[in-house]
Amino acid sequence: MKALLVSGFAAIGTGTGAMLTLHAEAGLDPFHSVISEYAWASGGWLLPASLTLFAAGSALIAEALRRSGADRRVVWLLVAWGACMFLIGAFPTDRPGVPLSLSGGIHRYAALGAFLAMPVAGMLLAKARIRYAPAMKWLCGIAMGALLLVVVPYVVRMFGIPLANDDIPAGLTQRVVVVTELGVLALIGLSMLAHRSRGRRALSLS
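Once you know that position 169 of the sequence shown is 169 in the numbering used here, the rest is easy, because the numbers rise by one and skip nothing.
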(Lines of atoms letter the chains of each structure in order from A and count residues from 1; the text may use other names and numbers.)
(Lines give C-alpha, C1' and ligand atoms only; values in the text may rest on other atoms or scores of the structure.)
Protein backbone atom coordinates (compact mmCIF):
# COMPACT_ATOMS: atom_id res chain seq x y z
CA MET A 1 0.00 0.00 0.00
CA LYS A 2 2.88 2.36 0.72
CA ALA A 3 4.13 1.91 -2.85
CA LEU A 4 0.71 3.00 -4.16
CA LEU A 5 0.76 6.12 -1.99
CA VAL A 6 4.31 7.06 -2.93
CA SER A 7 3.49 6.57 -6.62
CA GLY A 8 0.37 8.66 -6.16
CA PHE A 9 2.33 11.50 -4.58
CA ALA A 10 4.91 11.29 -7.38
CA ALA A 11 2.18 11.62 -10.01
CA ILE A 12 0.57 14.57 -8.22
CA GLY A 13 3.93 16.27 -7.73
CA THR A 14 4.89 15.83 -11.38
CA GLY A 15 1.48 17.08 -12.46
CA THR A 16 1.87 20.15 -10.25
CA GLY A 17 5.28 20.82 -11.78
CA ALA A 18 3.79 20.59 -15.27
CA MET A 19 1.00 22.98 -14.32
CA LEU A 20 3.41 25.54 -12.85
CA THR A 21 5.60 25.31 -15.95
CA LEU A 22 2.56 25.93 -18.14
CA HIS A 23 1.65 29.01 -16.13
CA ALA A 24 5.18 30.34 -16.40
CA GLU A 25 5.31 29.84 -20.19
CA ALA A 26 1.79 30.97 -21.11
CA GLY A 27 2.07 34.53 -19.81
CA LEU A 28 -1.69 34.86 -19.16
CA ASP A 29 -3.28 36.75 -16.29
CA PRO A 30 -3.95 34.09 -13.61
CA PHE A 31 -6.49 36.32 -11.86
CA HIS A 32 -8.87 36.49 -14.81
CA SER A 33 -7.82 33.72 -17.23
CA VAL A 34 -9.28 30.37 -16.23
CA ILE A 35 -6.99 27.35 -16.34
CA SER A 36 -8.85 25.85 -19.32
CA GLU A 37 -7.73 28.75 -21.52
CA TYR A 38 -4.11 27.69 -21.10
CA ALA A 39 -4.77 24.84 -23.54
CA TRP A 40 -4.58 27.42 -26.33
CA ALA A 41 -1.47 29.18 -25.01
CA SER A 42 2.21 28.41 -25.47
CA GLY A 43 3.00 24.99 -24.02
CA GLY A 44 -0.71 24.14 -23.95
CA TRP A 45 0.05 20.41 -24.16
CA LEU A 46 1.17 20.61 -20.54
CA LEU A 47 -2.44 21.10 -19.43
CA PRO A 48 -3.76 17.64 -20.42
CA ALA A 49 -0.46 16.12 -19.28
CA SER A 50 -0.83 17.71 -15.86
CA LEU A 51 -4.49 16.74 -15.49
CA THR A 52 -3.76 13.15 -16.56
CA LEU A 53 -1.08 12.93 -13.87
CA PHE A 54 -3.54 14.26 -11.29
CA ALA A 55 -6.00 11.58 -12.43
CA ALA A 56 -3.36 8.87 -12.07
CA GLY A 57 -2.40 10.09 -8.60
CA SER A 58 -6.02 10.08 -7.50
CA ALA A 59 -6.52 6.54 -8.84
CA LEU A 60 -3.47 5.26 -6.97
CA ILE A 61 -4.56 6.83 -3.69
CA ALA A 62 -8.11 5.51 -4.25
CA GLU A 63 -6.73 2.00 -4.66
CA ALA A 64 -4.74 2.37 -1.44
CA LEU A 65 -7.94 3.48 0.28
CA ARG A 66 -9.83 0.50 -1.11
CA ARG A 67 -7.19 -1.91 0.17
CA SER A 68 -7.30 -0.27 3.59
CA GLY A 69 -11.02 -0.99 3.91
CA ALA A 70 -12.10 2.66 3.79
CA ASP A 71 -15.67 3.69 3.04
CA ARG A 72 -16.44 2.75 -0.56
CA ARG A 73 -18.14 6.08 -1.12
CA VAL A 74 -14.84 7.84 -0.58
CA VAL A 75 -13.04 5.44 -2.90
CA TRP A 76 -15.56 6.02 -5.69
CA LEU A 77 -15.52 9.78 -5.18
CA LEU A 78 -11.74 9.80 -5.66
CA VAL A 79 -12.14 7.61 -8.76
CA ALA A 80 -14.79 10.02 -10.06
CA TRP A 81 -12.52 13.01 -9.38
CA GLY A 82 -9.70 11.37 -11.31
CA ALA A 83 -11.97 10.39 -14.19
CA CYS A 84 -13.27 13.94 -14.42
CA MET A 85 -9.72 15.31 -14.40
CA PHE A 86 -8.87 13.03 -17.31
CA LEU A 87 -11.96 14.16 -19.23
CA ILE A 88 -11.13 17.82 -18.60
CA GLY A 89 -7.76 17.28 -20.23
CA ALA A 90 -9.01 15.04 -23.03
CA PHE A 91 -11.82 17.40 -24.07
CA PRO A 92 -10.50 20.97 -24.22
CA THR A 93 -12.75 23.94 -23.70
CA ASP A 94 -13.82 26.08 -26.66
CA ARG A 95 -11.82 29.09 -27.70
CA PRO A 96 -13.21 32.42 -26.41
CA GLY A 97 -16.19 33.63 -28.45
CA VAL A 98 -16.96 30.22 -29.95
CA PRO A 99 -20.39 28.61 -29.26
CA LEU A 100 -20.41 25.69 -26.85
CA SER A 101 -19.36 22.47 -28.58
CA LEU A 102 -19.61 18.85 -27.46
CA SER A 103 -15.99 18.96 -26.29
CA GLY A 104 -16.61 22.21 -24.44
CA GLY A 105 -19.71 20.79 -22.78
CA ILE A 106 -17.93 17.64 -21.61
CA HIS A 107 -15.09 19.81 -20.33
CA ARG A 108 -17.42 22.09 -18.41
CA TYR A 109 -19.50 19.42 -16.71
CA ALA A 110 -16.49 17.21 -15.95
CA ALA A 111 -14.94 20.19 -14.18
CA LEU A 112 -18.10 20.70 -12.14
CA GLY A 113 -18.15 17.00 -11.24
CA ALA A 114 -14.54 17.08 -10.10
CA PHE A 115 -14.99 20.26 -8.10
CA LEU A 116 -17.92 18.69 -6.22
CA ALA A 117 -16.49 15.20 -5.69
CA MET A 118 -13.29 16.00 -3.77
CA PRO A 119 -14.83 18.17 -1.01
CA VAL A 120 -17.48 15.51 -0.37
CA ALA A 121 -14.79 12.81 -0.14
CA GLY A 122 -12.75 14.98 2.21
CA MET A 123 -15.72 15.71 4.48
CA LEU A 124 -16.61 12.02 4.69
CA LEU A 125 -13.07 11.15 5.78
CA ALA A 126 -12.92 14.13 8.16
CA LYS A 127 -16.11 12.86 9.76
CA ALA A 128 -14.24 9.65 10.58
CA ARG A 129 -11.79 11.78 12.61
CA ILE A 130 -8.76 10.57 10.75
CA ARG A 131 -5.48 12.38 11.13
CA TYR A 132 -5.46 15.89 9.60
CA ALA A 133 -9.28 15.96 9.81
CA PRO A 134 -9.44 19.62 10.98
CA ALA A 135 -7.20 20.78 8.13
CA MET A 136 -9.21 18.66 5.71
CA LYS A 137 -12.45 20.30 6.86
CA TRP A 138 -10.98 23.77 6.37
CA LEU A 139 -9.75 22.98 2.89
CA CYS A 140 -13.09 21.45 1.91
CA GLY A 141 -14.91 24.52 3.20
CA ILE A 142 -12.64 26.87 1.26
CA ALA A 143 -13.03 24.74 -1.87
CA MET A 144 -16.83 24.82 -1.66
CA GLY A 145 -16.89 28.56 -0.99
CA ALA A 146 -14.61 29.25 -3.95
CA LEU A 147 -16.66 26.87 -6.12
CA LEU A 148 -19.74 28.95 -5.35
CA LEU A 149 -17.91 32.02 -6.64
CA VAL A 150 -16.94 30.09 -9.77
CA VAL A 151 -20.53 29.03 -10.47
CA VAL A 152 -22.27 32.34 -9.63
CA PRO A 153 -21.14 34.21 -12.78
CA TYR A 154 -22.47 31.43 -15.03
CA VAL A 155 -25.84 31.42 -13.24
CA VAL A 156 -26.08 35.22 -13.30
CA ARG A 157 -25.36 35.35 -17.04
CA MET A 158 -27.94 32.61 -17.66
CA PHE A 159 -30.58 35.06 -16.40
CA GLY A 160 -29.30 37.74 -18.77
CA ILE A 161 -27.72 39.88 -16.06
CA PRO A 162 -24.50 41.51 -17.30
CA LEU A 163 -21.46 40.86 -15.16
CA ALA A 164 -18.08 42.43 -15.75
CA ASN A 165 -15.08 40.12 -15.71
CA ASP A 166 -13.54 42.18 -12.92
CA ASP A 167 -16.53 41.71 -10.59
CA ILE A 168 -15.45 38.18 -9.67
CA PRO A 169 -11.89 37.19 -10.74
CA ALA A 170 -12.76 33.81 -12.26
CA GLY A 171 -9.14 32.76 -12.66
CA LEU A 172 -8.36 33.35 -9.00
CA THR A 173 -11.44 31.60 -7.63
CA GLN A 174 -10.94 28.60 -9.91
CA ARG A 175 -7.31 28.26 -8.83
CA VAL A 176 -8.37 28.37 -5.17
CA VAL A 177 -10.69 25.42 -5.86
CA VAL A 178 -8.00 23.42 -7.66
CA VAL A 179 -5.27 24.10 -5.08
CA THR A 180 -7.47 23.30 -2.09
CA GLU A 181 -8.76 20.09 -3.69
CA LEU A 182 -5.22 18.96 -4.44
CA GLY A 183 -4.49 19.75 -0.81
CA VAL A 184 -7.38 17.53 0.29
CA LEU A 185 -6.10 14.71 -1.91
CA ALA A 186 -2.60 15.11 -0.46
CA LEU A 187 -3.96 15.03 3.11
CA ILE A 188 -5.91 11.87 2.33
CA GLY A 189 -2.69 10.23 1.17
CA LEU A 190 -0.73 11.51 4.17
CA SER A 191 -3.41 10.27 6.55
CA MET A 192 -3.08 6.85 4.97
CA LEU A 193 0.68 6.85 5.57
CA ALA A 194 0.14 7.95 9.17
CA HIS A 195 -2.45 5.27 9.89
CA ARG A 196 -1.19 2.32 7.85
CA SER A 197 0.33 0.68 10.92
CA ARG A 198 -2.95 0.87 12.84
CA GLY A 199 -4.84 -1.59 10.69
CA ARG A 200 -7.94 -1.48 8.54
CA ARG A 201 -10.16 0.23 11.12
CA ALA A 202 -8.15 3.44 11.04
CA LEU A 203 -9.87 4.74 7.91
CA SER A 204 -13.27 3.06 8.30
CA LEU A 205 -16.18 5.40 8.82
CA SER A 206 -18.30 4.81 11.89
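Quick reminder that beta carbons are idealized off the backbone N, C-alpha and C, glycines included. Fair warning: this is a prediction, and the values are worked out from it, not measured in the lab.
The Cβ-Cβ distance between Leu47 and Gly113 does not fall below 8 angstroms. In the structure shown, Thr93 adopts coil according to DSSP, grouped into three states.
If you draw a straight line from the Cα of Arg95 to the Cα of Phe115, it is about 22 angstroms long.
Taken through DSSP and simplified to helix, strand or coil, Ala80 comes out as helix. Secondary structure of Met1 (DSSP, three-state): coil. Residue environment analysis places Leu100 among the exposed positions, since fewer than 16 neighbouring C-beta atoms fall within 10 angstroms of its C-beta.
Per DSSP, reduced to three states, the secondary structure at Phe31 is coil, with no helix or strand assignment. In the same chain as Ala170, and ignoring 5 residues on each side of it, the C-beta atoms closer than 6 angstroms to its own belong to Val34, in chain order.
In the three-state scheme derived from DSSP, where H, G and I count as helix and E and B as strand, Gly43 is classed as coil.
A contact between stretches requires three or more CB pairs, one per stretch, nearer than 8 angstroms, and the segment 4–22 meets this requirement with the segment 170–189. Contact annotation: Leu60 and Leu124 have beta-carbon atoms that are not nearer than 8 angstroms. DSSP places Pro169 outside any alpha helix (DSSP H), giving it a letter other than H or E. Nearest Cα to Gly8 within the set His23, Pro119, Trp45 and Ala62: Ala62. The DSSP-derived three-state label of Gly105 is helix. Here Ala18 is buried: its Cβ has 16 or more other Cβ atoms, across all protein chains shown, within 10 Å.
Apart from the 5 residues on each side of it in sequence, Val178 sits with its Cβ closer than 8 angstroms to the Cβ of Ile35 in its chain, given in chain order.
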